[in-house]
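A short write-up of the structure that comes next.
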Amino acid sequence: MTIAYISHPDCLLHDMGPEHPECPARLHAIQDHLVARGIELVLRHYDAPLATEEQLCRVHDRAYLERLSAESPTEGLHWIDGETGMCPGTLRAAYRAAGAAVHGVDLVMRGEATSAFCAVRPPGHHAGRSRAGGFCFFNNVAVGAAHALAEHGLERVAICDFDAHHGDGIEEIFRDDPRVLYCSSFEHPAYPYAGADTGGEHLVNVPLKAGTDGRAFRRAVADAWFDRMAAFAPQMVLVSAGFDGHAEDDMTRLVLGDDDFRWVSCEIKRVADASAGGRVVSVLEGGYSLSALGRGVAAHIDALLGNKHGAHP
Ligand SMILES: [Zn+2]
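Once you know that position 47 of the sequence shown is 47 in our numbering, the rest is easy, because the numbers rise by one and skip nothing.
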């Protein structure tokens, strides 16, 4: 069992100012906690490459890439929406974040790693084909999924998104692609005010009301996701791993705990073990309470290592 940990110092270059919750310190918090827990020692570290234009254009319009390049500032911040800003280092970080997902897919397909966790930012699941927003520029998980389909010839890929916000960008990109099963759980009503009224053969949305605790979360997700996933029999599972549903994270009003992230990760791994040879490629999305983020990622990776109960050697 080998878990690849893919990151890059360039992901720290994206900085939307000292007050912004989507901050470089998030990656330090994750790294520090993995070291403290001893999990870091069992991971195999890789540098994220830059995604290529070909890889990005599988899910994004070329004109959108050109627009982002044109809007990239040489100094200061350029705001795309009220909360999503570009600094001079943003695009380079975004290319690394998408490149990490691609590299994770390549590593697990080559058998070099059983699964992969991409500790990257900016996050991706709100980015649409030609739209940035919600802290996102490139849809990292979608780029990874499209790479698995196009480059490795997979026919069925599942994406599990347990971030507390709906991944409207992923839904937009793969809505009409039956090769991709998208399962999402999210607070509703809340940003981006999408997903509650959509669904379909390849789209499993689980809206959760404010105040949803771990027990209700597990029941709702267990009822909706895993039979559908098992029937779909994915050949790879990608994860939009967001930890902003934690009770200590004030970005949302979900009330989840560390063990809920462990539970959902174990269940995802169980499906991946059954049909996908255990192949899971997980990419960081949200999570803004630094302490809860570190613990959530540790529980997630621990689960991917096959540790169901948290006692790590
Ligand atoms: Zn989120």
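The C-beta atom is built at its ideal place from N, Cα and C for all residues, glycine as well.
### Task
Only counting runs of 3 or more residues, tell me where the beta strand (DSSP E) segments fall wholly within the stretch 204-249, in order along the chain.
236-241
### Query
Which residue's Cα is closest to the Cα of residue 61: 137, 259, 177?
Taking the sequence shown and counting its residues from 1, one reaches residue 61 at position 61. Checking every option, the nearest Cα to that of residue 61 belongs to 137.
#### Entry: Beta carbon of residue 145 nearer than 7 Å to that of residue 118
Looking up residue 145 in the sequence shown gives position 145. Looking up residue 118 in the sequence shown gives position 118. For residue 145 and residue 118, no; Cβs fall outside 7 Å.
### Query
Just checking, does the stretch 12-25 make contact with the stretch 105-117 on the three C-beta pairs under 8 Å criterion?
no
### Query
Just the Cα atoms here: how many angstroms apart are residue 140 and residue 133?
One-based indexing of the sequence shown puts residue 140 at position 140. One-based indexing of the sequence shown puts residue 133 at position 133. Roughly 14 Å separates the two Cα atoms.
### Message
Among the candidates 238, 229, 296, whose CA atom is the shortest distance from the CA of residue 249?
### Response
As a first step, residue 249 must be located in the sequence shown, where it is residue number 249. Closest by alpha carbon: 296.
### Query
When DSSP labels each residue in this structure, what does residue 86 get in the three-state scheme?
Counting from 1 along the sequence shown, the entry for residue 86 is found at position 86. Three-state DSSP puts residue 86 in a strand.
#### Entry: Pair within 7 Å by beta-carbon distance, residue 204 and residue 183
Position 204 of the sequence shown holds residue 204. Position 183 of the sequence shown holds residue 183. Yes, these two residues count as a Cβ contact at 7 Å.
### Task
Determine the closest residue to residue 240 out of 291, 283, 276, 274, with distance taken between C-alpha atoms.
In the sequence shown, the residue the question calls residue 240 occupies position 240. Cα-wise, what sits closest to residue 240 is 283.
### Query
DSSP beta-bridge partners for residue 79?
The sequence position of residue 79 within the sequence shown is 79, counting from 1. Answer by DSSP bridge pairing, in chain order: 85.
### Task
Just the C-alpha distance for residue 269 and residue 148, rounded to the nearest angstrom, thanks.
Translated into positions along the sequence shown, residue 269 becomes position 269. Translated into positions along the sequence shown, residue 148 becomes position 148. When rounded, the distance between both Cα atoms is 18 Å.
#### Entry: Proximity to residue 82 [Cα-Cα], best of 231, 291, 135, 263
The sequence position of residue 82 within the sequence shown is 82, counting from 1. That would be 135, whose Cα lies nearest to the Cα of residue 82.
### Query
Say the cut is 6 Å; is the CB of residue 164 nearer than that to a heavy atom of ligand 1?
Counted from its first residue, the sequence shown places residue 164 at position 164. Under cutoff, so the answer is yes.
### Query
Looking at C-alpha atoms only, which residue of 40, 9, 166, 66 is the closest neighbour of residue 198?
Against the sequence shown, residue 198 aligns to sequence position 198. Comparing Cα positions, the closest option is 166.
### Query
Where do the ends of the beta strand (DSSP E) carrying residue 160 lie?
If you number the sequence shown from 1, residue 160 lands on position 160. Note, residue 160: beta strand (DSSP E), 157-161.
### Query
Would you say the stretch 302-310 touches the stretch 242-262, given that touching needs at least three Cβ pairs under 8 Å?
yes
### As assigned by DSSP and simplified to three states, the class of residue 295
Residue 295 sits at position 295 when you count from the first residue of the sequence shown. Of the three classes helix, strand and coil, the one that applies to residue 295 here is helix, per DSSP.
### Task
Apply the 10 Å Cβ neighbour rule to residue 122 and answer buried if 16 or more other Cβ atoms are within range, or exposed otherwise.
Taking the first residue of the sequence shown as 1, we reach residue 122 at position 122. Per the 10 Å Cβ criterion, buried.
### Task
Return the Cβ separation of residue 202 and residue 161 in integer angstroms, given the expectation that the two are a contact with Cβ distance under 8 Å.
Taking the first residue of the sequence shown as 1, we reach residue 202 at position 202. Taking the first residue of the sequence shown as 1, we reach residue 161 at position 161. No, residue 202 and residue 161 are not in contact; Cβ-Cβ is about 13 Å, not under 8 Å.
### Message
According to DSSP, residue 6 sits in a beta bridge with which residue or residues?
### Response
Counting from 1 along the sequence shown, the entry for residue 6 is found at position 6. DSSP lists 46, 118 as partners of residue 6.
#### Entry: N-terminal and C-terminal residue of the beta strand (DSSP E) that residue 180 is part of
On the sequence shown, residue 180 is found 180 positions in, with the first residue counted as 1. Residues 180-187.
### Message
Under 6 Å: does the beta carbon of residue 124 sit that close to some heavy atom of ligand 1?
### Response
Your numbering for residue 124 matches position 124 in the sequence shown. Residue 124: no, Cβ never under 6 Å from ligand 1.
### Pairwise C-alpha distance: residue 178 and residue 254
Translated into positions along the sequence shown, residue 254 becomes position 254. Translated into positions along the sequence shown, residue 178 becomes position 178. About 30 Å.
### Query
Hey, is residue 106 close to ligand 1, as in C-beta under 6 Å from one of its heavy atoms?
The count along the sequence shown starts at 1 and reaches residue 106 at position 106. No, the beta carbon of residue 106 sits no closer than 6 Å to any heavy atom of ligand 1.
### Task
Return yes when the Cβ of residue 217 is within less than 7 Å of the Cβ of residue 256, no when it is not.
Here residue 256 refers to the residue found at position 256 when the sequence shown is read from its first residue. Here residue 217 refers to the residue found at position 217 when the sequence shown is read from its first residue. Cβ atoms of residue 256 and residue 217: closer than 7 Å.
### Task
Spatial neighbours of residue 247 within its chain, please: CB distance less than 7 Å, with the 5 preceding and 5 following residues excluded, ordered by chain position.
Against the sequence shown, residue 247 aligns to sequence position 247. These residues qualify, in order along the chain: 255, 256, 257.
### Query
Name the DSSP beta bridge partners of residue 136, please?
In the sequence shown, counting from the first residue as 1, residue 136 sits at position 136. Per DSSP, 133.
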